[in-house]
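Read the structure below first, then the notes.
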Amino acid sequence: MNINFILCSFIATISFFSHNLVHANDVTKIVFVAGNRSHGWGAHEFNAGCMLMESHLKEALGEKVETVVYKNGWPKNQDPFVDADAIVLFMDGGGGHPINRNLEQVKKEIDRGCGLMCMHYAVEVPVGNSGKALQNWIGGYYETGWSINPHWIAESKLNRKHPITLGVQDFKVKDEWYFNMRFRQGKEGVTSVLDAVPDDNARSGRSSWPRGPKKHIVEASGRAETLCWSVERNDGGRGVGFTGAHFHYNFGNDGFRKLVLNAVAWTAGLEIPKNGLVTHRPDEVELDANQDFKKPEKKK
C-alpha cells in the first residue's frame, strides 16, 4: 500500500476528530430535571415547563446548546449530569425535595464549576445540610417559617446592570411569588435580578401555606423583595434562584419567559446577547402541550 496514501488518510482522520472535538467544546450542555406530577392542570407543570424551556433555548441558540430533559423525577442513571454546564431543577421541594438525598451527586458537579438554577418550589429545602448547600450553590433558599409563598401580582423591578435582564421588558404577572428568602449572611455575593414590592394582602399570608400572618413579614410593608437572584461562585460556576413559575401559562408572558431563558443561559456560562434570548410567544396550544393533567372543559 502506498505510504503517502496511508499518511494522508491518517492526517485526514486526525483532522476529522480534532474538528469534532473543537465543535463539541463549543457546545454548552444544559440538563433539566423535571419533578413528578403535582398540583393539577396549569400549575407545577414541571415536565411541560422544562420541555418548553428546552424548545425555546434551541430556538434562540441553535447548535450552541445541547439540552437534556429528565422527566418525572430525579434521573435514575448513574451519571446523569456528565459534562453539564448547568443543571436546572424544577420540581416539588421541601422535605421531599430530591436534592436532599442527592447532595453529594450535585456537589460533585458543583465542585467542577457546573452552574445550578432552582425554580419555584425547587428553591425550598429543609434547614440544615440542604439549606446550607443551596446558600453555597445559589445564594439562598426558601426556609419554612421565615419565607412566605403568597399568590400576588408582581410588578417587575429589574436590575438593568445584570446580563440576565438584557432585552427583558417590564412585566406584571400574577404568580405564587415566594419572598423573604434565607440568603447568605448579609446577602454576601448575592445579586438581585428581579425585585418587586408585595402589597399588604400578600404580606398578610391569606393566600400562603401555611397561612399567615407572620409578624416579621407584615412589619416589612413597602419593602422590595428579591424574586430572582444570582451568584458567581469561587469555583467558577454560577447559581440562580427564581421563585415564580407556579402557573405554567406565565411562560406566555414575553418578559417573564425571556427572563427565565436568559437566566438558564447565564447559569450555563453563556454570554447573553443585548436583546436577550429572542423566541416566539407560545400560543395556547403550545402552552397546553405536555401538561401532566387533562385540561378542564370550558364552561358553556
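Residue numbering for the sequence shown is 87 to 386, as defined by our numbering. Backbone N, C-alpha and C define an ideal beta-carbon position, used for all residues, glycine too.
| Item | Value |
| --- | --- |
| Comparing C-alpha positions only, which one of PRO184, GLU149, LEU202, ARG198 sits nearest to VAL403? | What is shown of the chain runs 87 to 386, which leaves residue 403 out entirely. |
| Measuring straight from C-alpha to C-alpha, what distance separates GLU145 and THR365? | 6 Å |
| What do you reckon, are the CB atoms on TRP238 and ALA288 nearer than 7 Å? | yes |
| Give the single residue among PHE132, PHE167, PRO184, VAL283 whose Cα lies nearest to the Cα of TRP263. | VAL283 |
| For LYS360, tell me which candidate among PRO249, PRO212, GLY291 has the shortest Cα-Cα distance. | PRO249 |
| Which of helix, strand or coil does DSSP assign to PHE269? | strand |
| Of all the options VAL209, VAL154, ARG309, which has the alpha carbon lying nearest to the alpha carbon of GLY181? | VAL209 |
| How many angstroms separate the CA atom of ARG343 from the CA atom of ASN215? | 32 Å |
| Assess contact between the segment 336-353 and the segment 140-159, defined as three or more Cβ pairs (one per stretch) separated by less than 8 Å. Is contact present? | yes |
| When DSSP labels each residue in this structure, what does ASP281 get in the three-state scheme? | strand |
| So what's GLU318 in DSSP terms, helix, strand or just coil? | strand |
| Taking the beta strand (DSSP E) that THR114 belongs to, which residues open and close that run? | 114-120 |
| For VAL326 and CYS204, I'd like the C-alpha separation in whole angstroms. | 6 Å |
| Beta-carbon within less than 7 Å of LYS157's beta-carbon, same chain only, minus the 5 sequence neighbours each way: which residues are those? | ALA120, ASN133 |
| Just grab the DSSP bridge partners of MET203 for me. | VAL174, VAL326 |
| Can you have a look at PRO382 and say buried or exposed, based on whether 16 or more other CB atoms are within 10 angstroms of its CB? | exposed |
| Near VAL211, which residues of its chain fall below 8 Å by C-beta distance, leaving aside the five closest residues on each side in sequence? | GLY179, GLY180, HIS183, ILE185, ASN186, GLY217, ALA219, LEU220, TYR227, TYR228 |
| Would the beta-carbon of PHE269 fall within 7 Å of that of VAL276? | yes |
| Residue range of the beta strand (DSSP E) that ALA349 falls in? | Element bounds for ALA349: not the beta strand (DSSP E) but the alpha helix (DSSP H), 340-353. |
| Once you ignore the five residues that flank HIS109 on each side, which residues in its own chain have a CB closer than 7 Å to its CB? | Low local confidence applies: a pLDDT of 36 at HIS109 is under 50, so the model's placement there is unreliable, with the coordinate-based value given in what follows. Hits under 7 Å: none found. |
| From PHE379 to PRO296, what distance separates their C-alpha atoms? | 25 Å |
| Do ASP340 and ARG367 have their beta-carbon atoms positioned less than 7 Å apart in this structure? | yes |
| Do VAL254 and LEU345 have their CB atoms nearer than 7 Å? | yes |
| Note down, in chain order, each residue of its chain lying with its Cβ closer than 8 Å to the Cβ of GLY322, except the 5 sequence neighbours on either side. | GLY199 |
| Just verifying my parser: in three-state terms, what is the DSSP assignment at ALA240? | strand |
| For a test of the three-state rule: what should DSSP assign to SER294, helix, strand or coil? | coil |
| Mind checking whether GLY355 and ASP169 have CB atoms under 7 Å apart? | no |
| Are there 16 or more other CB atoms within 10 angstroms of the CB of GLN271, so buried, or fewer, so exposed? | exposed |
| For LYS379, name the three-state secondary structure that DSSP assigns. | Before going further, note that residue 379 is Phe rather than Lys in the sequence given. In this structure, PHE379 counts as coil in the three-state DSSP scheme. |
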